[in-house]
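Engineer: Residues in the sequence shown are numbered consecutively from 33, following the numbering used here.
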Amino acid sequence: MNRSTVASRWNQDLIEAHYLRWQQEPETLDASWRHFFEGFELGRVDGAPPGTEPPGDGRPSASTPVEVEPEALELARAQAAVTRLVDTYREVGHYLADLDPLKLAGRRETYDPLDLSEFDLGDQHLNQPFFTRLFDPPQATLKELIEVLRRTYCGTIGVEYMHIRDRKIRTWLQDRMEPVRNHPRFDIKKKRRILWKLNNASLFETFLHSRYVGQKRFSLEGGEMLIPLLDAIIERSANFGVKEIVLGMPHRGRLNVLANILNKPYSLIFHEFEGNMPKTVAGDGDVKYHLGFSADHVGANGHPVHLSLTANPSHLEAVNPVVEGRIRAKQRLFEDRDRKLGLPILIHGDAAFAGQGLVAETLNLSQLPGYRTGGTIHIVVNNQIGFTTAPFDGRSSRYATDVAKMIEVPIFHVNGDDPEAVVYVGELATEFRETFGLDVVIDMVCYRKHGHNESDEPAFTQPVMYEAIRKHPPVLEVYTKQLIDSGDLTQEEADTLEETFREKLESIYKEVHDATEGPEIAQPGFKGPWDGLRPEYDWNPVESGVPADRLALITDRMASVPEGFTRNRKLDRIFGARVQAMTDGGPIDWAFAELLAFGSLMLEKTPVRLSGQDSRRGTFSQRHASVVDVQTGERYYPLNFIDPGNQAEFCVFDSMLSEAAVLGFDYGYSLDAPHMLICWEAQFGDFVNGAQVIIDQFIVSGESKWGRASGIVLLLPHGYEGQGPEHSSARLERFLQLCAEDNIQVVNCTTPAQYFHLLRRQVRRNFRKPLVVMTPKSLLRHKRCVSGVDQFTSGHFREVLDDETTTPESVRRVVLCSGKVYYDLLARREAQNKNDEVAILRLEQFYPFPAALLTSALERYENATEWVWAQEESQNMGGWTFVSHRLHELTGRPFHYVGRDASASPATGSNAVHNREQDELVEAALGAPVLPHLVTAMAGRKTTAPASVNGQR
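1) Compute the Euclidean distance between the alpha carbons of Asn159 and Asp207, then round it to the nearest angstrom.
2) Inspect the beta-carbon positions of Tyr498 and Pro451 and report whether they are closer than 8 Å.
3) CA-CA distance, Gln663 and Thr598?
4) What are the start and end residues of the beta strand (DSSP E) that includes Trp929?
5) Where does Ser292 fall in DSSP's three states?
6) With DSSP as the reference, identify every bridge partner of Gly374, one or two as the case may be.
7) Which same chain residues, not among the five before or five after Ile259, have their C-beta less than 8 Å away from its C-beta?
8) By alpha-carbon positions, which one of Gly254, Gly334, His241 ends up nearest to Arg268?
9) With 16 other CB atoms within 10 Å as the buried threshold, where does Val245 fall?
10) Might you give, ordered along the chain, the residues of its own chain that have their beta carbon closer than 6 Å to the beta carbon of Asp661, omitting 5 neighbours on each side?
11) Less than 6 Å between C-beta atoms, sequence neighbours within five positions excluded: which residues of the same chain meet that for His789?
12) Tell me the DSSP bridge mates of Ser326?
13) Quick check for students: name the residue ranges of the alpha helix (DSSP H) that lie wholly in the stretch 401-469, counting only runs of 4 or more.
14) Glu876 and Leu833 look like a contact to me (Cβ under 8 Å); what is the Cβ gap, rounded to whole Å?
15) Excluding sequence positions up to five away, which residues of its chain have a Cβ less than 6 Å from the Cβ of Leu803?
16) Is it true that the stretch 692-706 meets the stretch 353-363, where meeting means three or more beta-carbon pairs spaced less than 8 Å apart?
17) Please go through the same chain and pick out, in chain order, the residues whose beta-carbon is closer than 8 Å to the beta-carbon of Gln523, but skip the five residues on each side of it.
18) Compare the beta carbon distance of Val472 and Arg796 with 8 Å and say whether it is the shorter of the two.
19) Assuming Leu537 contacts Pro706 (C-beta within less than 8 Å), just tell me the rounded distance between them.
20) Can you tell me where the beta strand (DSSP E) with Gln111 in it begins and where it stops?
21) Report yes or no: do three or more beta-carbon pairs, one from the stretch 436-443 and one from the stretch 118-125, lie closer than 8 Å?
22) On the premise that Pro757 lies in contact with Pro938, defined as a C-beta separation below 8 Å, what is that separation, rounded to the nearest angstrom?
23) How close, in whole Å, do the beta carbons of Arg360 and Tyr403 come, if the pair is a contact with beta carbons under 8 Å?
24) When burial is assigned at 16 or more other CB atoms within 10 Å of the CB, is Leu919 buried or exposed?
25) Out of curiosity, what's the CA-to-CA distance linking Gly483 and Ile265?
26) DSSP three-state call for Ile474: helix, strand or coil?
27) Can you have a look at Asp868 and say buried or exposed, based on whether 16 or more other CB atoms are within 10 angstroms of its CB?
28) So, is Lys223 buried or exposed, given that buried needs 16 or more other C-beta atoms within 10 angstroms?
29) For Pro161, name the three-state secondary structure that DSSP assigns.
30) Can you list, in chain order, the stretches of the alpha helix (DSSP H) that have 4 or more residues and sit fully within the stretch 168-246?
31) Express the C-alpha separation of Gly458 and Arg217 in angstroms, rounding to a whole number.
32) With a cut-off of 8 Å on the beta carbons, I'd call Ala902 and Val847 a contact; round off their distance for me.
33) Where does the unbroken alpha helix (DSSP H) through Glu525 begin, and where does it stop?
34) With H, G and I counted as helix, E and B as strand and the rest as coil, what does DSSP make of Ser643?
35) Among Gly910, Ala526, Pro840, which residue has its Cα nearest to the Cα of Val853?
36) Check Tyr668 in the structure and name its three-state DSSP category.
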């Protein structure tokens with residue numbers, strides 16, 4: 033027998049060491065070593081390391097040179113190659129999968145990554161047996177193995193999961209996919225259920241198309257398998273004990289989901305098409321394909337699941353974080369710390385999933401402590417087009433779903449024309465979510481039968497695709513024929529199923545078409561967690577004082593840490609000063625007042641949630657809602673230990689660096705936790721710009737469009753301190769522009785006590801409205817921006833603060849202002865000894881506009897001859913454009929504007945220029961002549977001013 037030396041002594045030691053590591057910790061070895069040892073294992077029954085000849089005692093020799101037969105070496109090499117081939121199929125088999133129903137997608141590879149030559153294998157190996165765990169017993173020829181791998185990974189299901197580092201997850205998926213070759217084995221009952229749901233989905237769309245010609249409905253045709261897919265997920269979730277499912281989706285297919293998943297009565301949908309909108313919203317309403325709905329579903333096992341489709345505007349993907357927040361709130365209601373009882377399902381379009389940044393932001397929330405929901409099932413209804421934009425123009429990645437790889441979750445690509453594969457993937461995805469508590473993505477590749485809407489002509493831009501669609505049989509026809517050919521269904525049964533459903537729709541349609549108006553429906557959203565609240569409201573004051581002994585208890589507990597806990601020494605001074613201030617009756621600063629508000633609410637069993645960038649400490653190192661042990665890094669939340677067992681919970685989180693997703697999440701949370709104070713804080717007020725879609729489309733208009741109230745609180749640091757244009761303004765003017773129909777509250781309060789009462793008022797009323805608060809920066813440590821303890825023990829929030837230091841009869845000039853500029857005006861008035869001549873009033877709440885209170889305050893100054901609105905913001909910003917006509921109509925007096933001239937940027941970038949401007953506007957407000965950097969205007973019209981007034985800054 034010919035032998036040859038294959039390794040030196042050094043190589044033998046290396047191989048043996050690696051072999052021992054492979055036996056104990058295989059994941060620590062390079063993939064090539066793992067492949068080698070896995071391949072050699074079958075042929076080395078004695079367990080000796082490759083490359084050694086075991087002596088009589090079963091242990092390798094320590095000094096004998098190693099020789100092996102060439103045939104054995106070739107076997108090991110081929111086995112290692114086959115092992116690499118298996119892993120490559122697992123990794124890239126999806127590239128060769130049959131995913132496109134239209135067969136239009138061309139392969140992008142210039143070579144076949146699964147060609148045998150890539151692994152130094154050839155035809156001579158096809159009939160050679162190799163070790164493989166894909167068979168039982170674990171051996172098969174290469175030809176058999178390739179057939180199984182192609183069936184598993186290159187059929188109508190393509191799976192991406194090898195990017196996941198967690199070996200347990202990869203193994204779990206393999207153990208479920210490979211034994212069945214990714215081909216489901218459904219019984220006839222399951223197949224008929226799929227057909228039933230598919231039949232309803234398809235015929236519903238064609239019925240609407242024939243009865244309401246030209247009306248937009250954003251048809252699901254081409255992607256009808258979404259309905260059986262959702263049905264399968266809901267049924268499997270019921271088996272796992274899920275109580276609540278919240279869905280979010282765009283407009284395409286929404287009517288079908290409403291009708292055939294949430295069982296919204298067909299009559300209601302037909303009424304909406306007829307123009308007889310159901311009287312459900314005390315406001316402006318919305319188009320039918322934006323509306324939400326909820327219903328109870330009873331699974332086949334008898335387990336009830338509440339389904340809720342969240343209302344969503346046409347801003348694609350904006351609903352994603354809202355759904356996540358809603359589910360988090362529901363899980364809290366269920367005391368579901370394991371996050372198993374509430375399931376979020378998000379439905380996406382392919383172009384939006386790849387193109388909208390909110391998708392990545394929401395994915396990034398999925399495993400963060402304050403935002404995780406136990407995993408979301410993402411369904412991409414992949415029409416292979418976005419409006420008129422083809423995939424190669426709409427994304428740089430191969431798949432629309434590639435962004436999801438960043439959180440290391442499985443992605444199932446499935447051909448939408450294979451109903452059983454789609455349902456199989458849905459059930460597998462649901463089981464994955466239940467097992468691992470992670471997101472999972474289903475990319476259902478299908479097509480869009482019509483244009484972007486039913487009046488659009490898609491052949492203008494995609495003639496080849498739409499010619500293929502025109503010739504392509506609908507999936508209902510394909511699946512019905514499949515079941516008939518297999519003997520699972522007769523043609524007569526198929527015809528009966530179709531005719532019965534059509535007759536049902538025709539009967540309902542006739543009844544609705546003959547009706548003159550839509551039905552009355554109770555106001556949505558004021559049941560369940562909203563018990564005790566109501567849609568009616570009034571703006572009467574709410575007494576919100578707290579007894580002094582309770583405030584003292586909160587202060588004492590805030591200042592305490594557990595035995596053995598070592599906090600930063602500077603915090604000892606801060607908390608010590610707070611204890612002393614409470615003992616002395618004040619002064620209480622802004623951050624202290626805020627924590628007193630939180631603590632007092634919690635003692636009244638009202639939980640508090642605060643989230644935002646750096647909210648635990650506070651952007652300006654002011655809050656310290658949690659403290660950190662300097663020795664261990666452990667966090668301690670003092671407010672959760674005021675009266676353990678007899679208080680509500682305080683939840684504060686440092687969010688990721690996002691505005692849109694985090695505010696959307698907290699808004700969604702507020703929809704299902706109305707008895708909780710829920711605050712989102714911007715790091716600086718101008719950062720709210722990044723969440724404008726959530727503000728415009730949900731917060732300020734959700735009640736008018738969908739009847740959904742919210743008590744969300746936005747805390748936006750605002751004020752001009754010479755820090756440049758980006759961190760000066762929270763864009764007060766934008767919120768004021770959005771105010772109408774009592775939709776939100778906009779406040780710019782000036783004292784800690786006012787802020788305290790404001791926060792408590794928010795959850796002590798019997799209704800909910802969003803609250804936008806311009807919070808301070810420099811005032812956090814301003815010596816005059818403080819309150820006495822007695823101001824917290826009684827009273828309420830005051831929308832207008834009169835000047836209580838002047839004698840009204842002697843006042844000749846009344847200055848009305850809001851926010852931080854008050855303290856600059858106050859200091860300058862005192863320096864000029866004008867206390868008896870000038871009264872400074874504060875408008876603490878802009879909206880709802882406190883007309884009666886302001887009128888009452890202004891009427892006290894009957895001898896005044898000069899009336900001024902002063903602000904530090906530019907003339908086209910801040911509150912002037914909002915209050916000017918209101919002041920004129922309210923008082924008939926000629927209020928003059930004093931402040932910076934209109935500008936494109938919120939503020940100057942120069943601290944020196946800022947200080948000069950601030951000095952000039954304060955002087956002018958108190959009566960000095962107008963200076964070059966300012967402008968004055970009269971309510972209702974701009975005054976004629978010298979050219980220098982309008983000069984450039």
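Note that beta-carbon positions come from the ideal geometry of N, C-alpha and C, so glycine has one too. Owing to the predicted nature of the structure, the values given are computational and were not obtained by experimental measurement.
Structural biologist: Straight from the coordinates:
1) 26 Å
2) no
3) 7 Å
4) For the record, residue 929 in the displayed sequence is Tyr; it is not Trp. 928-932 is the extent of the beta strand (DSSP E) around Tyr929.
5) Inspection of the sequence shows that residue 292 is occupied by Asn rather than by Ser. Residue state, collapsed to three classes: helix.
6) Glu276
7) Lys229, Leu230, Asn232, Ala233, Leu252, Asn288, Val289, Asn292, Ile293
8) Gly334
9) Val245 should be labelled exposed.
10) Phe597, Thr598
11) Ser576, His828, Phe829
12) Ser340
13) 423-426, 451-468
14) 6 Å
15) Val745, Gln777, Gln794
16) yes
17) Ile516
18) no
19) That belief does not hold up - the Cβ atoms of Leu537 and Pro706 are roughly 38 Å apart, past 8 Å.
20) No beta strand (DSSP E) holds Gln111; the alpha helix (DSSP H) holding it covers 102-124.
21) no
22) Contact annotation, Pro938 with Pro757: C-beta distance approximately 5 Å; criterion of less than 8 Å satisfied.
23) 7 Å
24) By the Cβ-count criterion, Leu919 is buried, with 16 or more other Cβ atoms from all chains shown falling within 10 Å of its own Cβ.
25) 29 Å
26) In the structure shown, Ile474 sits in a strand (DSSP, three-state: E or B).
27) exposed
28) Note on Lys223: 16 or more other CB atoms within 10 angstroms of its CB, so buried under the neighbour-count rule.
29) strand
30) 174-185, 199-209, 220-243
31) 14 Å
32) 5 Å
33) 523-545
34) Ser643: strand per DSSP, three-state reduction.
35) The residue with the shortest Cα to Cα distance from Val853 is Gly910.
36) strand
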